[in-house]
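In the working numbering, the protein residues as written are 1 to 178. Scroll down for the structure; my scribbles are underneath it.
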Amino acid sequence: MRKIFIVIALMMMLLPLVADVMPEFKLPDMDMEDVTLKSLLGKGPVIIDFWADYCRPCKEAMPALDELAKKYEELTVVMISIDAPKAQSRAKSYLRSKNFDFITLFDPDKNYAKRMNVVNPPHSFILNAEGEIVYSHVGFESGTEQIYEKHVRQILGLKKPCSENPDEDCDGDCEEEE
């Protein structure tokens, strides 16, 4: 039991802490143009999601992240592929076939992923406009997108949407959906 606790404690120390500033990067996009983190900050929240072509939960997350990007124009969604160079063409083909509305970058040597202690994709980070990590999540399951949206709305200073459940009171801290 003690060994398990020590292992968990060590793993938690490796994760970037909330309120840490995301380190700068310079990674190529789908057209092999370099993109920096600095160029993505300032307009609003940023979701950075590390993914791989072989990862089913990664592909399940993409439509949900795409919906968020379409719903909140101030939101920037960035997918960082950690696929090996041989798999990049397959990843590019998949993304082009889906016509997603987010930025895709490539980290084929996984240098940036290692710097962020990304071990298994999907691993997402939600940043505020200053680049501070406000939320970090490993994996993707049904309901994760609502957690992401909650953080995006908080960063944007929006109230939470009113529940469709009439028994749930939001104490005036909600707004009707448009």
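Heads up, the beta-carbon is just placed ideally off N, CA and C, and yes, glycines get one too. Quantities reported herein were computed from a predicted structural model and do not represent experimental measurements.
| Item | Value |
| --- | --- |
| Below 9 Å between beta carbons: does that hold for L105 and S81? | yes |
| Please state if the CB of K98 and the CB of D53 are separated by a distance shorter than 9 Å. | no |
| Taking all protein chains shown into account, decide if M32 is buried (16 or more other Cβ within 10 angstroms of its Cβ) or exposed. | exposed |
| Can you name, in chain order, every residue of its own chain whose Cβ lies under 7 Å from the Cβ of K38, other than the five neighbours on each side? | E24 |
| Going by DSSP, what residues sit across from Y135 in a beta bridge? | I126 |
| Hey, how far is the Cα of L15 from the Cα of P121? | Legend: pLDDT at L15 = 48, less than 50; position of this residue unreliable, no value from coordinates given. |
| I'd like the ranges of any beta strand (DSSP E) spanning at least 3 consecutive residues and lying wholly in the segment 25-64. | 26-28, 34-36, 46-51 |
| Measuring straight from C-alpha to C-alpha, what distance separates E168 and T76? | With a pLDDT of 45 at E168, under the threshold of 50, the modelled position of that residue is not reliable, and no figure is offered here. |
| How many Å lie between V134 and Y148 at the Cα? | 10 Å |
| What is the residue span of the alpha helix (DSSP H) that S142 lies within? | Per DSSP, S142 belongs to no alpha helix (DSSP H) and is neither H nor E. |
| Return helix, strand or coil for L105, following the three-state DSSP convention. | strand |
| Short of 6 Å in beta carbon distance, which residues of its chain neighbour D107, apart from the five on each side in sequence? Order them along the chain. | L27, I80, I82, A113 |
| Which stretch, first to last residue, makes up the beta strand (DSSP E) that contains V77? | 76-81 |
| Measuring straight from C-alpha to C-alpha, what distance separates V152 and R56? | 24 Å |
| Cα separation between R96 and V119? | 26 Å |
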